[in-house]
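Numbering of the sequence shown is given in this note's numbering, commencing with residue 124 and proceeding in unit increments. Every residue gets a Cβ at the ideal spot worked out from N, C-alpha and C, and that includes glycine. All remarks here apply to the structure that follows.
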Amino acid sequence: MLGLAIGQGAVWTQPLLLPAMAVAMTLSTISITNRDLASLKAMPRPILISLLLNYVVLGGIMLLMARWLTNDSELWAGFVVFAAMPPAIAVVPYSYMLGGNTTFSLIGITGTYLVALGLTPAMIMLFLGADFLNPAKLLLMLMQLIVIPLAVSRILLFKGLTQRIDKWRDIVVNWCFFIVIFTIIGLNRQVFFGQFDVLFKIAIIAVTITFILGHAIEFITTRALHINRATSISLLLMGTRKNAGLASVIALAFLGERAAVPMAIWAIFGVLSIVWWGLYFKKKVK
124 MLGLAIGQGA
134 VWTQPLLLPA
144 MAVAMTLSTI
154 SITNRDLASL
164 KAMPRPILIS
174 LLLNYVVLGG
184 IMLLMARWLT
194 NDSELWAGFV
204 VFAAMPPAIA
214 VVPYSYMLGG
224 NTTFSLIGIT
234 GTYLVALGLT
244 PAMIMLFLGA
254 DFLNPAKLLL
264 MLMQLIVIPL
274 AVSRILLFKG
284 LTQRIDKWRD
294 IVVNWCFFIV
304 IFTIIGLNRQ
314 VFFGQFDVLF
324 KIAIIAVTIT
334 FILGHAIEFI
344 TTRALHINRA
354 TSISLLLMGT
364 RKNAGLASVI
374 ALAFLGERAA
384 VPMAIWAIFG
394 VLSIVWWGLY
404 FKKKVK
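Listed below in structure tokens is the structure:
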């Protein structure tokens with residue numbers, strides 16, 4: 124709401140996007156232990172399923188709908204960047220909150236982020252070409268947003284600082300994401316107030332990939348495949364959530380403000396969807 128009300132301030136917070144996202148990624152990946160990283164080779168199934176759901180299913184539907192509903196090259200570029208992102212790092216805490224399989228989510232997240240170092244730039248280059256953005260600069264930014272935060276989190280774990288950090292970690296991460304969401308909404312507030320056709324089309328895509336796709340995954344996994352509810356919840360989250368913050372930082376850095384519009388609108392539906400799933404699964408348990 125603040126992004127819409129006082130969005131003019133987004134020009135002041137824009138320089139903070141990269142460091143804020145890097146800090147959020149560092150603190151979020153502390154939950155991934157070195158033992159988790161070492162066990163990836165022994166447990167490829169969660170990683171492969173996560174890649175299938177997040178990139179093929181979610182990313183594929185997102186791009187097909189974007190191509191069908193929009194003819195704006197900047198918005199299309201934004202959707203390509205969004206589809207090329209790994210799952211939201213918040214899949215792990217959301218899995219815990221909703222009663223999902225946190226082990227599956229943790230392994231899936233860790234594996235997909237490592238694969239994303241190659242897959243993300245490859246997808247963006249495939250759909251947009253090297254003329255749209257510099258591959259070397261993109262790889263450098265991915266290093267800053269994924270590799271360096273993961274490395275710093277290893278150092279914090281090695282130094283035994285996690286217990287001290289845990290006391291204020293959630294607060295700092297929330298503020299970092301607030302800066303990112305406030306900035307992308309504030310920079311594109313004109314879409315919410317004047318470009319209702321763009322807002323409506325992207326809202327259709329957002330509803331489809333969060334609510335409709337989520338219910339489809341939940342139905343198929345529990346009814347057709349008879350997968351237990353905890354794992355089904357983790358699969359649902361993996362198949363409906365992309366790292367919008369990461370996508371926003373890359374889109375703003377390489378493609379301009381308008382390319383971040385899909386992430387700005389999705390951010391609102393992303394929050395609403397978590398509230399919905401919380402109520403939905405609470406009712407299911409009863």
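Point to revise | Own chain, CB closer than 7 angstroms to residue 125, minus 5 neighbours either side, in chain order | key: In this prediction, residue 125 has a pLDDT of 49, which is less than 50 and means its spatial position is unreliable; nothing more can be read from the coordinates.
Point to revise | Proximity to residue 403 [Cα-Cα], best of 274, 281, 169, 220 | key: 220
Review point. What does DSSP give as the partner residues of residue 210 in its beta bridges?
Key: 365
Point to revise | Secondary structure of residue 156, DSSP reduced to three states | key: coil
Check your understanding: Can you check whether the CB of residue 382 is closer than 8 angstroms to the CB of residue 204?
Key -> yes
Check your understanding: In three-state DSSP terms, what is residue 137?
Key -> helix
Exercise for review: May I ask which residues mark the beginning and end of the alpha helix (DSSP H) holding residue 318?
Suggested key: Here residue 318 belongs to no alpha helix (DSSP H), and DSSP marks it neither H nor E.
Practice item. Compare the Cα-Cα distances from residue 394 to each of 363, 283, 195 and report the closest residue. Key: 363
Review point. Near residue 155, which residues of its chain fall below 8 angstroms by C-beta distance, leaving aside the five closest residues on each side in sequence?
Key: 229, 232, 233, 273, 276
Review point. Candidates 267, 268, 292: which alpha carbon is nearest residue 279's?
Key: 292
Check your understanding: With a CB to CB cut of under 7 angstroms and the five nearest residues on each side skipped, what residues in its chain are close to residue 188?
Key -> 328, 331
Review point. Can you tell which of 172, 215, 185, 142 has the C-alpha that lies nearest to the C-alpha of residue 453?
Key: Residue 453 lies beyond the range of the chain shown here (124 to 409); nothing can be said about it.
Check your understanding: Which value, in whole angstroms, describes the spacing of the CA atoms of residue 175 and residue 241?
Key -> 16 angstroms
Exercise for review: Keeping to the same chain, check which residues put their C-beta closer than 7 angstroms to that of residue 143; ignore five residues upstream and five downstream.
Suggested key: 299, 302, 303
Review point. Should residue 276 be counted as a contact of the ligand NAD given a C-beta to heavy atom distance under 7 angstroms?
Key: No copy of the ligand NAD appears in this structure; indeed no ligand is present at all.
Practice item. Give a yes or no on whether the C-beta atoms belonging to residue 380 and residue 310 are separated by under 8 angstroms. Key: yes
**Study point:** Cβ shell of residue 350 (< 8 angstroms), same chain only, five flanking positions each side left out
**Key:** 344, 358
**Study point:** Nearest-angstrom Cα separation, counted from residue 372 out to residue 173
**Key:** 23 angstroms
Point to revise | Euclidean distance between Cα positions of residue 377 and residue 251 | key: 12 angstroms
Practice item. Could you name each continuous alpha helix (DSSP H) segment of 4 residues or more that falls completely within the region 208 to 287, going from the start of the chain to the end? Key: 214 to 221, 225 to 251, 258 to 265, 271 to 281
Review point. For residue 224 versus residue 361, is the C-beta spacing smaller than 8 angstroms?
Key: no
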